[in-house]
Every structure is written in C-alpha cells, then in structure tokens.
Amino acid sequence: MNKIILLISVFIFSASSLALSAEWVVRDAKIMGTTIHTEVWHEDITIAQQAAELVLKTMDEVNQSMSPYLESSELSLVNRDASSKVIQISSELFSVINQSLAYSVKTAGAFDITYASVGYLYNYRKSIRPNQTQLEEQLTGVNFRFIDLNKSDQTIHYKHKGVRIDLGGIAKGYAVDLAVERAKKLGIEHISVTAGGDTRILGDRLGRPWVIGIRHPMNKDKVIAKIPLVNEALSTSGDYERYFDEDGVRYHHIIDPKTGDSARTVRSVTILGPKAIDTDALSTSVFVMGSIKGLQLLESLDKIEGIIVDKNGNLLFSSGLQNLD
Ligand code: AMP
Ligand code: MG
C-alpha cells in the first residue's frame, strides 16, 4: 500500500536541523479515567506550552460533559431524564451520539452505545457482573434504535424505559481530535495526543515519523508491532484494559450488545485512519464483530487499516498492512 511505502520512506530522512532549535513539550495527566500524554513542538516554546495546556483542558472539558461517572455531566443528565422527556443537548454531545448511531448502522449493531443499559451492571475493579436474570432484564434496553435524535431542534429522547448510553467507545477519540484541532489553531504543526488507547498525530517528529508500539495482548512487556506514523490516528482496544477473571473466563469492558456479555473471539484490535473518533469507534466495533466480519468491514472503508490479534494469538492484518513486517 502506498501509505506504508510512504511511511517507511520517511524513516530515510535524517533528523532535520529544526530538531535542535527548540525543545519538545511533554505533558502527562490522569483524566477520563485514563492516561493522557501529549508531545508538542513549536519554534516558540511558549506556544508549545500553551498548546499542551490546551490539550489537557480539552480532555477535562469533554470528560465533564461526557463522563458516565460524574453525576453533573450532560451525559448523566440525559441518562436520568431522556426516557421520560425530550431533552435539548449541546451540539458536541449531539454530534458524538449521532456519529455513534452511524457506526451502529455500519456495524449492524456491534457498536451500540446503549450497551450501557446492561453494561452498568459490571464493575471490573470489584469483579462484579450481572446474574442471568438481571442480564436478560436489562438486555431489553440495549438497542440503538431506542435513541431518538432530532436534528432540527437538537434534542434526544429514549423510546424505551431503562435505556442508558455510554460513550466510552468513542469519546476519547473525539476528545483527541478536538485537542489536535485546537492546537492547530494555535499554529502547531507537530503534536501527538494520546488518551488511553487512542492517539492522533499531526505532522512528523521533525524529520522522522512517530513510532507507536502495539503491545502484545497476552504479555504487557512485549510489542507485537511498531508502526511509523505521520498525520494519522491509531486506536487499540484490548481485553486486558479493564477486566477480571472468574473460573477461567475473562469478563472485560467490551460488550457484545446481542448477549450483554464480553466479546471473546479476539484479544485486541488496532485501527489506523485519519481521525481518532473513527479509529476509536472502529477498534471497539471490530472487537465485537470478530476477525472475519471485522476484516470485511475494514476492507470496505476508505483510508482505514487494522491489525487483529485473535484468541489464539494469531496476527491478522487488513490488506493495506499485509507487508508491514
Ligand atoms: P475502547 O476504550 O475504545 O476499547 O472501547 C471500550 C469502551 O467502549 C468500554 O469501556 C465501554 O465504555 C464502551 N463499549 C463497550 N462495549 C461497547 C459496544 N458494544 N458498543 C459501543 N461501546 C461499547
Ligand atoms: Mg475504541
């Protein structure tokens, strides 16, 4: 694939003299229940510092609005009231929910933010999961078609009682894109922003590509692939992020909306593409769909590539990445 040849050829460039003329600004923080990492470069280091602060502020802002754990978030308000009334929501929340619904259609329901109607019964830190009765009861609330969005007056309404939504499969990607767009407006041309498993990269690392390692799902000290990236987003979803094991079965945070149970046909999925909102939603989607349907979906999408580690530890690449190693 042209993209890969292009990316590899970038390796051949030596570090430009620019690399010596200013320092990279690096910031880490814990926001959105995950680790945020950003690296920014600008000739004027004060602009790079401003951009790094803006990245963290953006992450915090999105968290305040879309976190299911904050009672004060707009998302929590919607979950409390949208079954009983029609609610007007912010354009940001409307847009993220709207894009989530588009992915539900594209993935035949594998990506479904109403998974949370049953998903809220899991607590991975405390090894808690629903019993069969609870699961069957709450599963009746899982169906993206229960979400009624009205574009003209920017409202939302749930057409069923007991529906909850959670944007954990898409909001980090959205936030990462927003942070990069805001940094761009400050004049930044070289930046990486990572929120947990979701990364967006603008420009290169001054003459070299950014190199992102994908960890082995069964061994956190092993890297399965190192991918050189320039102007790209990358998301990984794995069953090792939030989970507990019980009687040899892993209960983790990616839920198959059909069953209300964790999806178990693959161990990790990495998606590459232009925007993190898409790579984020797709890494979660392909995890649920499994390798055969997941790869079919990836092949049908323009500028999107992926790597799947199946349950036997086999690596599967979409066609554009097959010559990567
Ligand atoms: P990610 O962090 O992208 O790997 O996605 C996992 C997160 O997506 C979970 O922590 C949930 O918040 C959310 N999620 C889990 N299952 C689904 C699903 N079937 N559709 C949409 N979101 C999901
Ligand atoms: Mg994802």
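Add 1060 to a position in the sequence shown, counting from 1, and you land on the number used in the numbering used here. All C-beta atoms, glycine included, are put in the ideal place defined by N, C-alpha and C.
The secondary-structure analysis by DSSP pairs V1309 across a beta bridge with E1306. In the structure shown, I1287 adopts extended strand secondary structure according to DSSP, grouped into three states. In this structure, the straight-line span from the alpha carbon of N1203 to that of V1223 is close to 8 Å. Per the DSSP secondary-structure output, D1316 pairs with nothing in a beta bridge.
Within 7 Å of the C-beta of A1170 there is not a single heavy atom belonging to ligand 2.
A distance criterion of 7 Å places the beta-carbon of H1313 in contact range of ligand 1, judged by its closest non-hydrogen atom. Going by DSSP, S1252 is part of the beta strand (DSSP E) stretching over 1250–1255. If you look at R1242, you'll find it in the alpha helix (DSSP H) that goes 1231–1245.
For the 8 Å CB-CB criterion, A1231 and V1346 do not form a contact.
DSSP places T1259 in the uninterrupted beta strand (DSSP E) bounded by 1258–1262. DSSP lists L1289 as the bridge partner or partners of W1270. Taking the Cβ of S1160 as the reference point, every heavy atom of ligand 2 lies at 7 Å or farther away. Taking the Cβ of I1173 as the reference point, at least one heavy atom of ligand 1 falls within a distance shorter than 7 Å. In terms of CA proximity to Y1300, A1323 leads the group K1318, A1323, E1292. In this structure, A1239 sits near T1118, with a CB-CB distance shorter than 8 Å. If you look at R1140, you'll find it in the alpha helix (DSSP H) that goes 1134–1141. In the three-state reduction of the DSSP assignment, E1103 falls in the coil class, being assigned neither a helical nor a strand state.
Secondary structure of D1340 (DSSP, three-state): helix. Judged by the Cβ position, A1293 fails to qualify as a neighbour of ligand 2 at the 7 Å threshold, every heavy atom of the ligand being at least this far. Around the C-beta of G1267, fewer than 16 other C-beta atoms lie within 10 Å, and the residue is accordingly described as exposed. Inter-residue distance for T1259 and K1282 is about 19 Å (C-alpha atoms, whole angstroms). Around I1331, the same chain offers S1295, T1339, L1342, S1343, G1366 as residues with beta carbons nearer than 6 Å, after the five sequence neighbours per side are excluded. Note that the stretch 1128–1146 does not touch the stretch 1106–1113; fewer than 3 beta-carbon pairs, one per stretch, sit closer than 8 Å. When only Cα atoms are considered, V1236 and L1227 end up about 14 Å apart. Between I1314 and G1233, the beta carbon gap of about 15 Å keeps them out of contact (Cβ cut-off 8 Å). Boundaries of the beta strand (DSSP E) harbouring F1377: 1375–1377, taken from the DSSP string. Taking a 10 Å sphere around the C-beta of K1335, we find 16 or more other C-beta atoms and assign the residue as buried. Per DSSP, the beta-bridge partners of H1217 are D1208.
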